[in-house]
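Enquirer: Under the working numbering, read the sequence shown as residues 587 to 1022, first letter to last.
After the structure tokens below, expect a handful of questions from me.
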Amino acid sequence: MVKHWRPVVAALATVALVGACGSDPEPTEEQAVQPATTSCASSGELTMWERSGGNKQMVDLLVEAWNTKNPDCKVALTYIPHTEMVGKIAQGIASGEVPDLMGMDLIYAPQFEKAQQLVDLTDRIKSWPEIATASKGHMTVATYEDKLYGVPLYADVSALFYNKDLFTKAGLDPEKPPTSLTELKEYADKITALGGDVKGYYLPGNCAGCNIFTVGPLMWASGAKIEATAEGDEPLTGDGVKQVLQFARDMVKAGNVHEGDRAENGETFHLQFGTGKVGMMGTGNFNITLARQQNPNMKFGIGLLPGVTPNSSASFIGGDLVVVPRGSKRVADAVNFMKFLLSDEVQVEVYAKALNLTTRTDMVDNKYFQAEPLVQDVAKALDVGRTPYTLTFFEQINSPQGPWLQMLQKAYYTDESLDTIIADAKKAMKTVASQG
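In structure tokens, the structure reads:
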């Protein structure tokens, strides 16, 4: 489930993407626009690809639910290694050997949309009432030049997890998480003062994706913009960039993070909160189950990731889209599968019942979440969430050698001028964007 923020070494080759571009063939009778339902448009097995390392448990449940309802057009699901997914999709489109539908790491969707590798679904889905409340982050990257190419398959969002036991020991109100960076620092100081191996905060030091997932929202909540969306666009704008870097530097200097955090490359990121030795940590909804499995007796709560101004907040929305690759012969069935995913029944009886986030914000008030307040708390992040939109996300942000992580490491662990650090990162990001 955590792979989407770990550094992804994927071949996003322009040649492979552009080489398959051309004029779309005339739609067949099956491809012609039909009113969407949650059932089969035609008979026969549907093929679907999904990346490994995502939320396999959730995807398996969704496919099982569809197959139970639609035995005449069951989905045959194949998992592709996440490091191979992008290249395999591009090759499949170029050769015409594509699945009928597929799950796609949402962050890479704009690149395929621009290259015309996905079927334009605008006329089929734009009028659905469910689209209005579908995850904003997902729908942002599912859109290119006002055309729609997919809907959410599943969602991961970042939020502030905090250890109520440590709050109580430190004299803090366990029902009131910090609502600003100033409070976050103050609370961390008090928790670290408990001594032993306890620290007030967790800051991953060698994981680009972990930081865009958890530190990026601190900047967004403080009014900053991070990535260059395209050539000529200015990255790292707004006072919030420097303010958050200073906040993080202060946390490190105050001893509020474990020394070992500096080496965190994403491999053990998801296991840190459940140790019980971290007071507060930006992490994802998946950590509810993981922390309970690791530390059943630990009491914890969830708040939103704050900014400089009190009660400001933001979140990174990650996860996957379900899309239709160019060349699919079963577009109508693929669209019906999307309608099925967004239906009230599936949102509640499949997503929520499994304690996974619903992908529609109007479905979070349901019986399963009411019985599990932590899921309802983390679902609030959907309303303040966003997803970066750029054709060069890996090169600017997710690469372990990229400018984003280099900037953060200098800010966290050196005394170099923050203005100089930011200026260098700006220049590098703009160069990457101009080559995209």
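Beta carbons: idealized from backbone N, C-alpha and C, even for Gly.
Bear in mind the structure is a predicted one, so any value in this text is a computation, not a measurement.
Helix, strand or coil, according to DSSP, for residue 767 in the structure here?
Expert: DSSP places residue 767 in helix when its eight states are reduced to three.
Enquirer: Between residue 770 and the rest of its own chain, which residues show a CB-CB distance below 7 Å, the 5 nearest in sequence each way excluded?
Expert: So the list reads 764, 866, 892, once near-sequence residues are dropped.
Enquirer: On the three-state DSSP scale, how would you describe residue 681?
Expert: Three-state DSSP puts residue 681 in a helix.
Enquirer: On the DSSP letters alone, give me the boundaries of the beta strand (DSSP E) that residue 738 sits inside.
Expert: Element bounds for residue 738: 736–749.
Enquirer: According to the neighbour-count rule (16 or more other Cβ atoms, all chains shown, within 10 Å of its Cβ), is residue 791 buried or exposed?
Expert: Looking at its Cβ environment, which holds 16 or more other Cβ atoms inside 10 Å, residue 791 is buried.
Enquirer: Based on DSSP bridge pairs, tell me the residues matched to residue 899.
Expert: Beta-bridge pairing links residue 899 to 892.
Enquirer: Can you list, in chain order, the residues of its chain whose CB lies under 6 Å from that of residue 665, leaving out five sequence neighbours each side?
Expert: Correct list, in chain order: 636, 638.
Enquirer: What's the call for residue 846, buried or exposed, on a 16-neighbour Cβ count within 10 Å?
Expert: When all chains shown are included, residue 846 counts as exposed.
Enquirer: Spell out whether any CB of chain B is found under 7 Å from the CB atom of residue 889.
Expert: Any reference to chain B falls outside this structure, which holds one protein chain only.
Enquirer: Looking at C-alpha atoms only, which residue of 910, 872, 634, 943 is the closest neighbour of residue 704?
Expert: Answer by Cα proximity: 910.
Enquirer: Alpha carbons only, please: which of 882, 739, 859, 729 is nearest the one belonging to residue 873?
Expert: The candidate whose alpha carbon is nearest that of residue 873 is 859.
Enquirer: Sorted by chain position, which residues of the same chain lie with C-beta nearer than 8 Å to residue 940's C-beta, five sequence neighbours on each side aside?
Expert: Excluding residues within five positions, the ones whose Cβ falls inside 8 Å are 643, 644, 647.
Enquirer: Check this for me: beta carbons of residue 971 and residue 903, under 7 Å apart or not?
Expert: Yes, the pair counts as a contact, with Cβ atoms nearer than the cut-off.
Enquirer: What does the alpha-carbon distance come out to for the pair residue 1002 and residue 996?
Expert: Answer to the nearest angstrom: the Cα atoms are 7 Å apart.
Enquirer: Run through the segment 682–713 for me and flag every whole alpha helix (DSSP H) of 4 or more residues, listed as ranges in chain order.
Expert: Within the segment 682–713, the complete alpha helix (DSSP H) runs of at least 4 residues are 695–700, 708–711.
Enquirer: Look at the Cβ atom of residue 852, then the Cβ atom of residue 796, and state whether they are nearer than 7 Å.
Expert: Result yes, Cβ atoms of residue 852 and residue 796 sit closer than 7 Å.
Enquirer: Measure from the alpha carbon of residue 752 to the alpha carbon of each residue in 1006, 641, 786, 742, then state which is nearest.
Expert: Nearest option by C-alpha distance: 786.
Enquirer: Can you tell which of 714, 659, 713 has the C-alpha that lies nearest to the C-alpha of residue 687?
Expert: Minimum Cα distance to residue 687 is reached at 659.
Enquirer: Does the pairing of the segment 942–961 with the segment 971–987 give three or more beta-carbon distances under 8 Å?
Expert: With a cut-off of 8 Å, the segment 971–987 and the segment 942–961 do not count as touching, because too few Cβ pairs lie within range.
Enquirer: Extract the residue ranges of the alpha helix (DSSP H) inside the segment 920–953, only unbroken runs of 4 or more that lie entirely within it.
Expert: Runs found: none.
Enquirer: Can you find the residues in the same chain that come closer than 7 Å, C-beta to C-beta, to residue 1016, ignoring five residues on each side of it along the sequence?
Expert: Cβ neighbours of residue 1016 beyond the five flanking positions: 814, 821.
Enquirer: If we ignore side chains and look at the alpha-carbon of each, how far apart do residue 907 and residue 740 end up?
Expert: Each residue's alpha carbon lies about 7 Å from the other.
Enquirer: Between which two residues does the alpha helix (DSSP H) harbouring residue 812 extend?
Expert: Here residue 812 belongs to no alpha helix (DSSP H), and DSSP marks it neither H nor E.
Enquirer: Could you tell me which of 992, 923, 959, 1019 sits nearest to residue 624, measuring between CA atoms?
Expert: Ranking the options by Cα distance to residue 624, first place goes to 923.
Enquirer: Taking the Cβ atom as the reference point for each residue, do residue 894 and residue 767 lie within a distance shorter than 7 Å?
Expert: Cβ distance < 7 Å, so residue 894 and residue 767 count as in contact.
Enquirer: Should residue 934 and residue 745 be called a contact, given that it needs their Cβ atoms to be closer than 7 Å?
Expert: It is not a contact, given that the beta carbons lie outside the stated cut-off.
Enquirer: Tell me the DSSP secondary structure of residue 671 in three-state form.
Expert: Note: residue 671 maps to helix in three-state DSSP.
Enquirer: Identify, in the order they occur along the chain, each residue of the same chain with its Cβ nearer than 8 Å to the Cβ of residue 652, setting aside the five sequence neighbours on each side.
Expert: The residues are 660, 661, 923, 926.
Enquirer: Is it buried or exposed, residue 630, if we count other Cβ atoms within 10 angstroms and call 16 or more buried?
Expert: It counts as exposed.
Enquirer: Applying the 10 Å Cβ sphere with the 16-neighbour rule, what's the burial state of residue 857?
Expert: Residue 857 is exposed by the Cβ-count criterion.
Enquirer: Just curious, the beta strand (DSSP E) that residue 661 is in, first and last residue?
Expert: Residue 661 -> beta strand (DSSP E) spans 661–666.
Enquirer: Measuring alpha carbon to alpha carbon, tell me which residue in 1000, 839, 734, 967 is nearest residue 799.
Expert: Among 1000, 839, 734, 967, the Cα nearest to that of residue 799 is on 967.
Enquirer: Closest to residue 622 by C-alpha separation, out of 844, 898, 708, would be which residue?
Expert: It is 708 whose Cα lies nearest to the Cα of residue 622.
Enquirer: What does DSSP give as the partner residue(s) for residue 636 in the beta ladder?
Expert: DSSP output for residue 636 lists 665 as bridge partner(s).
Enquirer: Residues bridged to residue 733 by DSSP?
Expert: Looking at the DSSP assignment, residue 733 forms a beta bridge with 730.
Enquirer: Leaving out five residues before and five after residue 776 in sequence, what residues of the same chain have Cβ atoms less than 8 Å from its Cβ?
Expert: Here the set comprises 756, 757, 758, 786.
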